[in-house]
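Line by line, the protein sequences give chains A and B.
Each residue of the first sequence is one higher than the last, beginning at 2 in the working numbering.
Each residue of the second sequence is one higher than the last, beginning at 2 in the working numbering.
First comes the structure, then the notes that go with it.
2 protein chains.
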Amino acid sequence: MSATRPRKSRSDGERSRAVILDQAARLATVDGLGGLSLSRLADAVGMSKSGLFAHFGSKEELQLATIEAAEKVFADIVLAPATGTRGMARVRALVDGYLAYVHNETFPGGCFFASALVEMSMQPGEPRDRLVDFMNRWLAELEAALREAQDGGSLAQDEDPAQLAFELEAALFLANAQFAAARNSTPIRRARSMIERRLGL
Amino acid sequence: MSATRPRKSRSDGERSRAVILDQAARLATVDGLGGLSLSRLADAVGMSKSGLFAHFGSKEELQLATIEAAEKVFADIVLAPATGTRGMARVRALVDGYLAYVHNETFPGGCFFASALVEMSMQPGEPRDRLVDFMNRWLAELEAALREAQDGGSLAQDEDPAQLAFELEAALFLANAQFAAARNSTPIRRARSMIERRLGL
Chain A
2 MSATRPRKSR
12 SDGERSRAVI
22 LDQAARLATV
32 DGLGGLSLSR
42 LADAVGMSKS
52 GLFAHFGSKE
62 ELQLATIEAA
72 EKVFADIVLA
82 PATGTRGMAR
92 VRALVDGYLA
102 YVHNETFPGG
112 CFFASALVEM
122 SMQPGEPRDR
132 LVDFMNRWLA
142 ELEAALREAQ
152 DGGSLAQDED
162 PAQLAFELEA
172 ALFLANAQFA
182 AARNSTPIRR
192 ARSMIERRLG
202 L
Chain B
2 MSATRPRKSR
12 SDGERSRAVI
22 LDQAARLATV
32 DGLGGLSLSR
42 LADAVGMSKS
52 GLFAHFGSKE
62 ELQLATIEAA
72 EKVFADIVLA
82 PATGTRGMAR
92 VRALVDGYLA
102 YVHNETFPGG
112 CFFASALVEM
122 SMQPGEPRDR
132 LVDFMNRWLA
142 ELEAALREAQ
152 DGGSLAQDED
162 PAQLAFELEA
172 ALFLANAQFA
182 AARNSTPIRR
192 ARSMIERRLG
202 L
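Spelled out as structure tokens, the structure:
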């Protein structure tokens, strides 16, 4: 029987891996990264648990692959539109990109990284370390753009870019959590207003 | 045999319930409120699962009782020290109380309500509703104190207290998440600095 089925090419395998991980990242924003069991995911993608196990040998491997897939989504939706911008224009593009990513419900439960980091911060291991690293890289993106703005004269010299990156991220982080809980755009509007006022835009 | 053991008085029962829920709230900030199984909690408090089941008939009852216990801790540690203050002094007392509650590791995984709300925001049910309600009451506390400050002249008339409450909470919310992940006091200092600058303190 199985010999009559067409062999799966490598690209079919890659495609189905991408479909599985897309679904895994979405599920993780609803049930948590820790709630991402192979059996639950198998139900969601309509595969057998053993079929999934062939892709991911363990729950931790699945979690790491899911984080990697979510990083690609974040890069496409939030970072890519800011390509080629510099300084204050880049700060704006990153902030706008992030708020759109939340508001458009890219993931059903809000920002993948915000919820996964909160969930995993007390769970030592590679998934937690990757999430902390992601948060640090995101803050470093904001800080670098703010530093460029300062070098270009559109941000006061006495501002501390690291402190200001914390303040922008604070607005974004709470907007995401409130939007996920309430599904109305008030927190998105408040975050934007807070950031524009702070940057003098 | 059991007849020779002293009968437990009602106050013993209450005390042990309080001990169980204290442990449950602590565990929930590490493993999540969803990870709070009767068997795991039974291990943590050194009771049998059936003994625990006598206290809490279901996982949801246990979750609700745990939220209630955490609310009492929050009231004692964050709200009580602000008793009798008004206006801007009250805003400061609430902010200082919250940052101390995080920094002193009242719960091992950071603010119980911040992590539980993020975890449960996509899980419809009474626990989620209680957590959303708690967040709204906390924001209303901040907003009411800001409004008093405005009425008393220590906050500009053109400020929107609801917007400003969002901004203060943004600083507190990110400080908690970063402190839980990194265990250093930089985010606490950044949140304080952000709030003092914003309020002109």
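By construction, the Cβ of each residue, glycine as well, lies at the ideal position given by its N, Cα and C atoms.
Any C-beta of chain A under 8 Å from that of residue 89 of chain B
no
Classify residue 165 of chain A as buried or exposed, calling it buried when 16 or more other Cβ atoms lie within 10 Å of its own Cβ.
buried
Against residue 17 of chain A, what residues of chain B qualify as contacts under a CB-to-CB distance less than 7 Å, listed in chain order?
The premise fails here: residue 17 of chain A is roughly 26 Å from chain B at the closest Cβ pair, so nothing lies under 7 Å.
Which of the three DSSP states is assigned to residue 1 of chain B in this structure?
Summary: the structure shown does not reach residue 1 of chain B, with chain B confined to residues 2 through 202, and so no result is reported for it.
Close Cβ partners of residue 172 of chain B (< 6 Å) along its chain, the five nearest in sequence each way excluded
When the five nearest sequence neighbours on each side are left out, the beta carbons in the same chain lying within less than 6 Å of the beta carbon of residue 172 of chain B are those of 192, 195, 196, in order along the chain.
What residue range is occupied by the uninterrupted alpha helix (DSSP H) comprising residue 215 of chain A?
Missing from the structure shown is residue 215 of chain A; chain A here goes from 2 to 202 and no further.
Give the straight-line distance between the Cα atoms of residue 59 of chain B and residue 50 of chain B, rounded to the nearest whole angstrom.
12 Å
Could you list which residues in chain A have their beta carbon closer than 7 Å to that of residue 191 of chain B, in chain order?
In chain order: 164, 167.
How long is the line joining the alpha carbons of residue 200 of chain B and residue 94 of chain A, rounded to whole angstroms?
28 Å
Do you know how far the Cα of residue 128 of chain A is from the Cα of residue 168 of chain A?
26 Å
7 Å Cβ shell around residue 140 of chain A - same chain, five flanking residues per side excluded:
Closer than 7 Å at Cβ, skipping near neighbours: 166, 170.
Chain A contacts made by the stretch 53 to 86 of chain B, where a contact means CB separation under 8 Å:
none
Helix, strand or coil for residue 109 of chain B? Go by DSSP, reduced to three states.
DSSP places residue 109 of chain B in coil when its eight states are reduced to three.
Could one say the Cβ of residue 174 of chain A lies closer than 8 Å to chain B's Cβ atoms, at least one of them?
Yes, contact with chain B.
Any heavy atom of the ligand MG within a distance shorter than 7 Å of the CB on residue 112 of chain A?
With respect to small molecules bound, the structure shown includes none, and the ligand MG cannot be examined in it.
Nearest-angstrom Cα separation, counted from residue 177 of chain A out to residue 115 of chain A:
8 Å
Would residue 30 of chain A and residue 110 of chain A qualify as a contact pair, given that the criterion is a beta-carbon distance under 8 Å?
A contact, by the Cβ cut-off of 8 Å.
Cross-chain neighbours of residue 156 of chain A in chain B, by beta carbon under 7 Å:
Contact of residue 156 of chain A with chain B by beta-carbon distance below 7 Å is absent, the smallest such distance being about 15 Å.
Please state whether DSSP places residue 157 of chain A in a helix, a strand or coil.
coil
Beta-carbon within less than 8 Å of residue 43 of chain A's beta-carbon, same chain only, minus the 5 sequence neighbours each way: which residues are those?
49, 50, 52, 53
Alpha-carbon to alpha-carbon, residue 185 of chain B and residue 20 of chain A:
39 Å
Should residue 247 of chain A go down as buried or exposed, given a rule of 16 or more other Cβ atoms within 10 Å for buried?
The requested residue 247 of chain A does not occur in the structure, where chain A is confined to residues 2 to 202.
Strictly under 8 Å for the Cβ-Cβ distance: is residue 206 of chain A near chain B by that measure?
Because residue 206 of chain A is not part of the residues shown, which for chain A are 2 to 202, the question remains open.
Indicate the three-state DSSP secondary structure (helix, strand or coil) for residue 47 of chain A in the structure shown.
coil
From which residue to which residue does the alpha helix (DSSP H) around residue 190 of chain B run?
Under the DSSP assignment, residue 190 of chain B falls in the alpha helix (DSSP H) whose first and last residues are 187 to 200.
Taking 7 Å as the limit between beta carbons, can you name the residues of its chain near residue 66 of chain B, skipping five residues before and five after?
22, 57
How should residue 64 of chain A be labelled, buried or exposed, when 16 other C-beta atoms within 10 angstroms of its C-beta is the threshold for buried?
buried
Environment of residue 84 of chain A [buried if 16+ CB atoms lie within 10 Å]
Residue 84 of chain A comes out exposed.
Exposure of residue 76 of chain A, with buried meaning 16 or more beta-carbon neighbours within 10 Å
exposed
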